[in-house]
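Residue numbers (the numbering used here): -15 to 34.
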């Protein structure tokens, strides 16, 4: 299967957006983990894995 240059650029752009979103979620998780009470943290982790 071959892709056009436009398609390849779109794939790369989508991957970059996904990386940024993943980094943002990690930053939020770290922030919550350092400031949250234990029960709130456990609830947050449980919600992430649903």
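Even for Gly, the Cβ is constructed at its ideal location relative to N, Cα and C.
Roughly how many angstroms separate the alpha carbons of residue i and residue j, rounded to a whole number?
i           : j           : result
residue 7   : residue 1   : 10 Å
residue -5  : residue 32  : 26 Å
residue -15 : residue 28  : 42 Å
residue -7  : residue -13 : 10 Å
Measuring alpha carbon to alpha carbon, tell me which residue in the options is nearest residue i.
i          : options       : result
residue 14 : 25, -1 and -3 : 25
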